[in-house]
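Written out below as structure tokens is the structure these notes cover.
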């Protein structure tokens, strides 16, 4: 009787662990919409940040050119 109970509990724990691992790795493929939505948002924000950085670099270069032009 004790062995059956221990085997049952080990089986339940193992099953729950496998389900958690499978959901974690394959959840995005099986319709985890919230995760996909957040990944799209992260990608969008990263692209906006890159554009902003490019604009800042461009404006700094133009500012340096105008300063050297005024001095010369």
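In our numbering, the protein residues as written are 8 to 79. In this text, a Cβ means the ideal position worked out from N, Cα and C, and glycines have one as well.
**Q.** Rounded separation between residue 10 and residue 25 - CA only
**A.** 22 Å
Q) If you run the structure through DSSP and keep just helix, strand and coil, what is residue 34? A) coil
Q) Quick one: Cα of residue 52 to Cα of residue 39, how far? A) 20 Å
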